[in-house]
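Inspection log for the structure reproduced underneath, given as structure tokens.
2 protein chains.
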Amino acid sequence: MTKHKDNKTEEQILEAAQKIFQAKGMDGARMQEIADKASINKAMLHYYYRSKQLLFEAVFRKAFALLAPQLNAILNDDSSLEDKIKNFTHNYISFIIKHPYLPNFIIQELNRNPKFIEKIKNNVAFPSIDKFKLQVQKEVKNGTIVSISAEQLFINILSLNIFPFVASPLIKAFANVDDRTYKTLLEARKKEVSDFIINAIKK
Amino acid sequence: MTKHKDNKTEEQILEAAQKIFQAKGMDGARMQEIADKASINKAMLHYYYRSKQLLFEAVFRKAFALLAPQLNAILNDDSSLEDKIKNFTHNYISFIIKHPYLPNFIIQELNRNPKFIEKIKNNVAFPSIDKFKLQVQKEVKNGTIVSISAEQLFINILSLNIFPFVASPLIKAFANVDDRTYKTLLEARKKEVSDFIINAIKK
DNA sequence: ATTTAGTTTAACCGTTTGGTTAACAAATGT
DNA sequence: ACATTTGTTAACCAAACGGTTAAACTAAAT
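Below, the structure is given as structure tokens:
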């Protein structure tokens, strides 16, 4: 979209689209609603982004670009495994509390169209697990942690950090807690989760 | 729908609707597509279920009724905490491997409309955390496990078991594994996850 | 044999949808 | 000063959507 000189309207659109898409998903979102939220004419959406699909992809890319660096913190940082887990958990949960729609949006739309991630891989700095893998293997070999594959540990870390945000209505209902209590629980998880993980892997 | 004598068509519709709704969600699903998959006329959908919303609710209720008893296994079973975690993890992952769309469907549609769970609470046997809570508190008091709230432990168990299915496209991409390898990883989690949890909480 | 109630179909309907058009306004360049 | 490009608007469009209708079909009950 480099041909446009004035990017004020373009950004207004992207912000509005972000809110609508993240709340209602690709299928549930309406172009008119996005236009209304951006306080502009519907034709402008197509003037700047050509189609709903392309507008959606712009929103998705932006969201993904926000999330990816967070994961780099655990995959490609130089600190010790224990420090990584502590820092990541604390920072990541703080981050998601500020952007609660983000993980669910990305997960949902990726499930809707799994091939989409290939497009993203070429556009955004994409974290790699390689370094993390070496680190875990080394610690297992040294006997500092129990025998576990880097992939399983990685899945566990992500699960414990992300799932409570993705499935909040379900968990709230089962655990029988109200919104305020749930927020307190999430806040406590900044510490609880890293303790839990470190306990699980240390010998 | 008790007025109908022949329930063959009705079930065909529900099955087709289940597949379409679980793959595309409420907003992405089309009544025509459901009719096609059920090999019947579109008017029949309305004859048996009146509206898209009611058909969707029937599908959702059925899915939820399938999932809820699984959770009862961990919340209201009489066995020891360690046995519970082992059994639940093993059985639940086996269950979801057979119904891979289920958790994501429920989570997604509950996020779309959080009030919906109130409707469900009255219709389906709804698990309660009370008994599990007492059990955890007792074990903490006895010193057999580390100090942890039942809610946090419950969240952790659900996260580790469900998230890998909900976020599979994302995890596959980050962990850089193909479909076959990922299936193997999930299969291994039947044991890995319970070891991980038990390690995390035992003193 | 005829009624009756349940089932199925094709055709139809009003609305909403993403997207387009053509005219107009505001900058920008010459 | 004029011409050209860029930004914005209201009106419009065809297609797709969920839902309805009225008539036809089926089979058991009278």
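The listed protein sequences derive, respectively, from chains A and B.
First residue of the first sequence: 13, per our numbering; consecutive thereafter.
First residue of the second sequence: 13, per our numbering; consecutive thereafter.
Here a beta-carbon is modelled for each residue, glycine too, at the ideal position from N, C-alpha and C.
Helix, strand or coil at residue i according to DSSP, with G and I counted as helix
i: Val202 of chain B; result: The question names Val, but residue 202 of chain B is Lys in the sequence shown. Three-state DSSP puts Lys202 of chain B in a helix.
i: Lys143 of chain A; result: helix
i: Lys98 of chain A; result: helix
i: Ile52 of chain A; result: coil
i: Thr14 of chain A; result: Annotation note: pLDDT 40 at Thr14 of chain A (below 50); position unreliable, no value reported.
i: Lys215 of chain A; result: coil
i: Ile160 of chain A; result: coil
i: Asp190 of chain B; result: coil
i: Asp89 of chain A; result: coil
i: Pro112 of chain B; result: coil
i: Ser180 of chain A; result: helix
i: Ser63 of chain B; result: coil
i: Val71 of chain A; result: helix
i: Arg42 of chain B; result: coil
i: Ala137 of chain B; result: coil
i: Pro126 of chain B; result: coil
i: Gly155 of chain A; result: coil
i: Asn103 of chain B; result: helix
i: Asn173 of chain A; result: helix
i: Asn84 of chain A; result: helix
i: Asn227 of chain A; result: Examination of residue 227 of chain A is not possible in this model, given that chain A is present from 13 through 215 alone.
Buried or exposed (CB count within 10 angstroms, at least 16 for buried), residue i
i: Ala77 of chain A; result: exposed
i: Thr101 of chain A; result: buried
i: Ser171 of chain B; result: buried
i: Ser159 of chain A; result: exposed
i: Glu163 of chain A; result: buried
i: Ala41 of chain A; result: buried
i: Lys215 of chain B; result: exposed
i: Arg192 of chain B; result: exposed
i: Leu93 of chain A; result: buried
i: Ala29 of chain A; result: buried
i: Glu204 of chain A; result: buried
i: Lys195 of chain B; result: exposed
i: Ser206 of chain A; result: buried
i: Leu57 of chain A; result: buried
i: Asn53 of chain A; result: exposed
Beta-carbon spacing of residue i, residue j below 9 angstroms
i: Ala80 of chain B; j: Pro126 of chain B; result: no
i: Asp39 of chain A; j: Gly155 of chain B; result: no
i: Ala85 of chain A; j: Lys74 of chain A; result: no
i: Ile32 of chain B; j: Glu45 of chain B; result: yes
i: Ile109 of chain B; j: Phe72 of chain B; result: no
i: Ile169 of chain B; j: Ile141 of chain B; result: no
i: Phe175 of chain B; j: Leu87 of chain B; result: no
i: Gln120 of chain B; j: Gln120 of chain A; result: yes
i: Ile183 of chain A; j: Ile167 of chain B; result: yes
i: Tyr61 of chain A; j: Leu67 of chain A; result: yes
i: Leu83 of chain A; j: Phe186 of chain B; result: yes
i: Tyr113 of chain B; j: Gln65 of chain B; result: no
i: Tyr181 of chain B; j: Leu122 of chain A; result: According to the sequence as given, residue 181 of chain B is Pro; it is not Tyr. For Pro181 of chain B and Leu122 of chain A, yes; Cβs fall inside 9 angstroms.
i: Ala212 of chain A; j: Ala212 of chain B; result: yes
i: Ala50 of chain B; j: Glu27 of chain B; result: yes
Residues in the segment 170–191 of chain B having any Cβ partner in chain A nearer than 7 angstroms: Leu170, Ser171, Leu172, Ile174, Phe175, Pro176, Val178, Ala179, Pro181, Leu182, Ile183, Ala185, Phe186, Ala187, Asn188 and Val189
Near-chain B residues of the segment 65–97 of chain A - C-beta to any C-beta below 7 angstroms: Cβ contacts with chain B: Leu83.
Residues of the segment 23–56 of chain A whose Cβ lies closer than 7 angstroms to any Cβ of chain B, in chain order: Gly37, Asp39 and Gly40
Contact set between the segment 156–171 of chain A and chain B, restricted to residues whose Cβ is under 9 angstroms from the partner: Per Cβ criterion, the list reads Val158, Ile160, Ser161, Ala162, Glu163, Gln164, Leu165, Phe166, Ile167, Asn168, Leu170 and Ser171.
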